[in-house]
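Following the working numbering, the residues of the sequence shown are numbered contiguously, the last one being 379. We treat Cβ as the ideally placed atom computed from N, Cα and C, and that holds for glycine.
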Amino acid sequence: MNTQSQGFEAVFGRAPEGQAAAPGRVNLLGEHTDYQGGFVLPTAIPQHTTVTVARNGTGQHRVYAADLDRQAGFAVSGADMAELPEFARYVAGALTLGGAREGLDVHVHSDVPMGAGLSSSAALEVAVLRALRGLGVYGGDDVALALAAQRVEHEFVGVLCGVMDQMASSLADAQHMLLLDTRSLDRRVLPLPAGAEVLVVDSGVPRTLAGSGYNTRRAEVEEAARLLGVPELRDVQDVAAVEELPLPLRARARHVVTENARVLQAVEADAAGFGALMNASHRSLRDDYEVSHPQVDALVAALQALPDVFGARMTGAGFGGALVALVRTGTAASVGAAAIQAVGGQGQVVVPAQT
Ligand code: GLA
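Written as structure tokens, this is what we have:
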């Protein structure tokens with residue numbers, strides 16, 4: 025927490041009424057498929073966002089972000105997003121869509137790294153909606169809650185994300201993978217491959233999702249689907265079909281189609297097979313989807329060269345941020361340190377969490 029940060033009572037002068045938390049997520053496989061009806065395979069990370077709330081008896085919501093030591097306020101009747109700092113937009117959206125009709129005081133604390141592709145924003149949205157559910161204000165189940173959280177991104181933040189992050193934060197745990205069909209929302213909770221554990225490294229390369237090429241990529245693959253005459257690239261069975269598209273749409277579509285196939289293969293794979301699919305995913309994201317970053321590529325290569333690593337790749341939207349590896353059980357911390365050292369000390373191990 026920021027050294028200046030304060031607890032709920034110190035900020036708002038009264039005891040809280042409720043508290044809820046939600047985790048960040050790391051996606052193991054299935055990147056940039058969730059806005060084309062595809063398959064994803066995320067898991068929750070141990071870091072989470074905690075939201076503490078109380079009704080304040082006014083027509084104003086007040087939000088305090090402990091990690092930033094910043095406060096913002098806005099009317100229950102509606103907030104002008106352009107005037108709110110970014111952290112408050114997520115909260116304002118979740119309070120609005122969660123049906124908060126009375127003023128609330130909201131205290132936010134998070135240890136999910138921000139801007140690293142580990143879904144700190146989904147964790148915040150889901151935690152606020154869970155806090156509203158705890159107060160009896162919001163009544164949706166975990167899936168409805170995830171869909172409401174996704175709407176916050178679309179309608180209040182302006183990021184046209186898929187549903188993976190919010191579903192993972194709402195439904196996944198850190199011990200399992202969540203196989204999610206993002207079209208039907210059918211899902212299966214699966215164990216990690218035997219003998220393997222997850223390593224997450226933050227490259228430290230900053231990225232901002234809204235300002236990045238995310239919405240451009242989305243528009244490109246929508247155009248590719250339109251040219252191929254399918255509702256979504258999920259519906260392309262034979263990857264040869266994409267070869268008739270012009271560049272860059274051909275490369276973008278090839279990534280999505282092959283990535284969906286990799287997720288379905290991974291579900292049946294052992295640790296070595298799963299890792300090989302992660303390595304192939306990274307190549308595809310770097311070369312065809314063009315959402316990686318040279319520093320991330322260097323860390324991925326350093327990881328892939330280490331003996332206890334089954335596979336490694338960038339994770340999340342890309343353009344910097346975090347990477348994920350599947351490594352032999354018990355080796356994640358030392359493997360992460362060795363890879364960071366190999367690239368000259370740039371980067372930080374996020375999972376396993378440092379205590
Ligand atoms: C971001 C979005 C997700 C997903 C990933 C890429 O995290 O929020 O919906 O599209 O990028 O897989």
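Item, Value
"Who are the near neighbours of Ser305 in its chain, counting only those whose CB is closer than 7 Å to its CB and skipping five residues on each side?", "Leu53, Glu55, Glu283, Arg286, Arg337"
"In or out: Asp129 buried (at least 16 other Cβ within 10 Å) or exposed?", "buried"
"For Asp321 and Leu330, I'd like the C-alpha separation in whole angstroms.", "15 Å"
"Between the segment 119 to 133 and the segment 35 to 49, can you find at least three pairs of beta-carbon atoms closer than 8 Å?", "yes"
"State the Cα-Cα distance for the pair Leu169 and Arg154, rounded to the nearest angstrom.", "8 Å"
"Just to confirm, are Asn51 and Gly340 a CB contact at a threshold of 8 Å?", "yes"
"Closer than 7 Å by C-beta to Val213: which residues in its own chain qualify, once you throw out the five before and the five after it? Chain order, please.", "His200, Leu202"
"Work out the CA separation of Asp226 and Gly369 for me, nearest whole Å.", "12 Å"
"What residue from Pro47, Phe98, Leu65 has the CA that sits closest to Val75's CA?", "Pro47"
"Just how far apart, CA to CA, sit Gly237 and Ala39?", "43 Å"
"Could you tell me whether the Cβ atoms of Gly62 and Thr240 are closer together than 8 Å?", "no"
"Our contact map puts Ala218 next to Ala290 with C-beta atoms below 8 Å; I'd like the distance itself, whole angstroms only.", "About 14 Å; that fails the 8 Å criterion."
"Please name the residue, chosen from Gly164, Val152, Thr353, that lies closest to Thr381 on a Cα-to-Cα basis.", "No answer is possible for residue 381: it lies beyond the span of the chain, which begins at 25 and ends at 379."
"Taking all protein chains shown into account, decide if Pro66 is buried (16 or more other Cβ within 10 angstroms of its Cβ) or exposed.", "buried"
"Could you say which of Ala264, Arg49, Arg125, Leu171 lies nearest to Asn80 if we only look at CA atoms?", "Arg125"
"Do the CB positions of Val224 and Val374 come within less than 8 Å of each other?", "yes"
"In the DSSP assignment, find the unbroken alpha helix (DSSP H) run with Thr355 in it and report its ends.", "Premise fails: Thr355 is in no alpha helix (DSSP H) and is neither H nor E."
"Is the beta carbon of Val245 sitting closer than 8 Å to the one on Arg276?", "yes"
"Looking at C-alpha atoms only, which residue of Ala300, Val280, Ala198 is the closest neighbour of Val222?", "Ala198"
"Suppose only complete runs of 3+ residues qualify. What are the beta strand (DSSP E) ranges in the segment 93 to 163, listed by chain order?", "94 to 99, 128 to 134"
"Quick check on Thr73: does DSSP put it in helix, strand or coil?", "strand"
"With which residues is Ala78 paired in a DSSP beta bridge?", "Asp129"
"Name the two residues that bound the continuous alpha helix (DSSP H) containing Ala275.", "273 to 290"
"Please find out if some non-hydrogen atom of the ligand GLA comes closer than 7 Å to the beta-carbon of Ser305.", "no"
"Ends of the alpha helix (DSSP H) at Glu55?", "No alpha helix (DSSP H) holds Glu55; DSSP gives it neither H nor E."
"Distance check for Gly139 and Gln319, CA to CA, integer angstroms please.", "16 Å"
"Let's see if you can read the secondary structure: which residues bound the alpha helix (DSSP H) around Val176?", "166 to 176"
"I want to check one thing, is the minimum distance from the CB of Asn51 to the heavy atoms of the ligand GLA below 7 Å?", "yes"
"Look up Gly344 in the DSSP assignment and say whether it is helix, strand or coil.", "coil"
"Measuring alpha carbon to alpha carbon, tell me which of Ala363, Val136, Leu142, His85 ends up nearest Val100.", "His85"
"Ala112 and Ala90 - do their beta-carbons sit closer together than 8 Å?", "no"
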